[in-house]
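Read the structure below first, then the notes.
Number of protein chains: 2
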Amino acid sequence: MEYSVHVRMNQKLYLRDPEQSELGRKIIREGILLIKEIGFEETTFRKLAERIGTKEASIYRYFENKHRLLIYLIAWYWQWLEYQVVFQTHNLTDPKEKLERLLKLILLLDIAHLATDDVDIQSLHTIVICEASKVYLTHHVTEDNRQQLFKPYKDLCSRIAGIIQEYSPNYPYARSRASSIIETAHYQAFFMQFLPSLTDFGTSRNQLQLLEFLRHLLFTTLDHA
Amino acid sequence: MEYSVHVRMNQKLYLRDPEQSELGRKIIREGILLIKEIGFEETTFRKLAERIGTKEASIYRYFENKHRLLIYLIAWYWQWLEYQVVFQTHNLTDPKEKLERLLKLILLLDIAHLATDDVDIQSLHTIVICEASKVYLTHHVTEDNRQQLFKPYKDLCSRIAGIIQEYSPNYPYARSRASSIIETAHYQAFFMQFLPSLTDFGTSRNQLQLLEFLRHLLFTTLDHA
DNA sequence: ACAGATGGGATAGTATTGCTATCATTCGTA
DNA sequence: TACGAATGATAGCAATACTATCCCATCTGT
């Protein structure tokens with residue numbers, strides 16, 4: 023059965039809602055592909071406009087600047103992921119099972135069946151791994167945070183922290199553990215691909231070793247609170 | 023007793039060795055302060071030159087571009103840190119003690135007594151927390167890696183992995199554990215300061231809670247290999 | 001004391017980026 | 001058919017990220 027999720031985004035993330043027009047959707051769709059292909063720093067609205075067959079100025083009508091576009095894409099991903107977590111765990115009673123499911127979701131394993139209208143989730147996941155931290159590693163974090171731009175990430179982490187609490191009520195670092203498990207998953211995936219000597223995983227796409235590492239990491243810490 | 027460490031840098035990290043001239047040392051010293059104050063993206067060689075009282079073109083004689091300057095600074099930090107790890111653990115026999123010492127070093131705790139000629143270590147540590155990942159999160163990681171630009175980081179991680187192996191010979195993920203502990207320490211420190219709801223630590227500079235978290239994380243995983 | 005190398009100041013200039021403004025055109029809906 | 005919203009087309013500007021050139025001071029070895 024195929025179904026697609028509509029993610030409703032915070033209005034501060036854009037100037038004009040990109041989901042409401044063909045051009046907007048193209049900006050998202052092609053933006054993801056362009057950033058994936060040439061990287062965020064090399065991406066410019068000029069290049070994106072050419073690729074789409076529109077003008078720079080038109081893109082500026084949707085997003086203040088390319089940093090805001092990145093924030094939008096990453097926020098979209100977190101919202102999508104949180105939805106998946108909720109959906110895929112809500113009928114599970116065993117918190118351990120929930121955490122197992124969660125780890126696979128974070129690594130985007132076994133999701134071939136998940137459809138989303140416009141967005142290429144695999145590509146977006148790649149972007150999240152390579153670019154997501156740039157979203158908050160800026161000198162205006164505090165201001166962006168005040169505007170709630172990171173709310174989707176925080177919501178996801180709270181959700182995960184909740185499951186952690188459920189599994190191990192005495193563990194005192196549920197929130198740090200939640201943010202850590204996501205971040206660890208992502209840069210270990212990055213290292214595995216680009217700086218493999220910083221990991222214990224073959225260069226091959228063996229995500230299962232990474233999964234095993236994360237599983238051990240998560241459960242040993244929670245089982246000995 | 024005060025002593026200062028001279029860190030010998032890989033020649034590929036610069037065009038002209040900044041340690042060999044007054045201007046070069048100023049670039050490093052003031053570069054650290056400028057990046058700390060206004061952030062890496064807002065930093066330009068123009069601004070740095072004005073601050074130093076020199077010309078943009080003169081700085082370009084030392085570093086190809088500001089990204090290379092950042093790589094240099096971060097690499098310097100990793101080399102300095104590895105030296106400290108070696109120095110502060112070489113006379114310890116208990117691997118557990120070594121790991122304890124290591125955690126404190128990573129968080130830059132209890133190092134008031136450490137002198138370094140030119141470099142403001144506290145400021146550099148701040149930069150490492152806020153900017154270090156930008157060094158490898160680029161589209162030219164692979165090329166930079168080929169040029170050995172990340173060697174200091176890799177060396178440090180190997181060193182740490184060695185201690186981990188010593189402490190827990192059966193743990194199968196020493197290298198991933200080494201890179202993880204550093205990265206986790208840093209972005210948890212970042213979150214603590216800027217996005218505290220992603221952590222379990224008060225906004226206050228309570229590095230000790232973070233230390234406690236990392237300690238638990240590290241030892242429970244290694245004690246149950 | 002002199003030739004040559006080296007480091008750095010001064011000035012200029014170029015391509016690209018990031019962003020804004022204006023006006024015309026298209027197109028769906030009232 | 002007239003409206004308003006969305007987009008296209010074009011222009012322009014300030015800042016950034018370099019590169020090039022030339023000159024001058026200093027230091028070095030003979």
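Order-wise, the sequence lines are chains A and B.
Add 22 to a position in the first sequence, counting from 1, and you land on the number used in my numbering.
Add 22 to a position in the second sequence, counting from 1, and you land on the number used in my numbering.
Virtual Cβ for every residue (Gly too), placed ideally from N, Cα, C.
- Counting other Cβ atoms within 10 Å of its Cβ, proline 40 of chain A reaches 16 or more and is therefore classed as buried.
- A Cβ-Cβ separation of about 4 Å places alanine 200 of chain A in contact with isoleucine 182 of chain A under the 8 Å criterion.
- Separation of aspartate 142 of chain B and isoleucine 54 of chain B (C-alpha to C-alpha, rounded to the nearest whole angstrom) is 8 Å.
- The count of Cβ pairs closer than 8 Å, one atom from the region 192-212 of chain B and one from the region 205-212 of chain A, reaches three, so the stretches are in contact.
- DSSP places threonine 115 of chain A in the coil class of the three-state scheme, outside both helix and strand.
- Proximity of threonine 221 of chain B to chain A, defined by a Cβ-Cβ separation below 8 Å, is satisfied.
- Assignment of alanine 79 of chain B by DSSP, reduced to helix, strand and coil, places it in the helix class.
- Annotation for isoleucine 204 of chain B: the continuous alpha helix (DSSP H) segment containing it runs 196-216.
- The C-beta distance from isoleucine 49 of chain A to isoleucine 81 of chain A rounds to 6 Å, short enough to meet the 8 Å contact threshold.
- With its beta carbon less than 8 Å from one in chain B, threonine 243 of chain A belongs to the interface.
- Under the DSSP assignment, glutamate 59 of chain A falls in the alpha helix (DSSP H) whose first and last residues are 44-60.
- The Cβ of proline 194 of chain A sits closer than 8 Å to at least one Cβ of chain B.
- Note that the C-beta distance between tyrosine 99 of chain B and glycine 46 of chain B is not below 8 Å.
- Contact between histidine 147 of chain A and leucine 130 of chain A holds: CB atoms are separated by about 5 Å, below the 8 Å threshold.
- Closest by C-alpha distance to threonine 115 of chain A, out of A:Glu234, A:Leu239, A:Phe223, A:Tyr189, is A:Tyr189.
- With a threshold of 8 Å between beta carbons, glutamate 205 of chain B makes contact with chain A.
- Look at arginine 168 of chain B: its C-beta is not under 8 Å from any C-beta on chain A.
- Taking 8 Å as the threshold, the shortest C-beta distance from histidine 161 of chain B to chain A falls below it.
- Within the same chain, and ignoring the five residues on either side of lysine 34 of chain B in sequence, the residues whose Cβ sits closer than 8 Å to its Cβ are Gln169, Gln170, Leu171.
- CA-CA distance, histidine 89 of chain B to leucine 217 of chain A, rounds to 19 Å.
- Interface with chain B (8 Å Cβ-Cβ cutoff): glutamate 64 of chain A is included.
- Within chain A, not a single residue places a beta-carbon under 7 Å from that of glutamine 33 of chain B; the smallest gap is close to 21 Å.
- Using beta-carbon distances, glutamine 210 of chain B counts as an interface residue toward chain A, with a partner under 8 Å.
- The beta carbons of glycine 61 of chain A and threonine 65 of chain B sit about 20 Å from each other, so the pair does not count as a contact at 8 Å.
- At least 8 Å separates the CB of leucine 230 of chain B from every CB of chain A.
- Restricting attention to A:Gln210, A:Ile185, A:Leu236, A:Gln231, the CA atom closest to the CA of isoleucine 151 of chain A is found in A:Gln210.
- 8 Å or more divides the Cβ of isoleucine 57 of chain B from the Cβ of valine 157 of chain B.
- Cβ contact annotation for histidine 162 of chain A (same chain, cutoff 7 Å, sequence separation greater than five): none.
- 8 Å or more divides the Cβ of asparagine 32 of chain A from the Cβ of lysine 126 of chain A.
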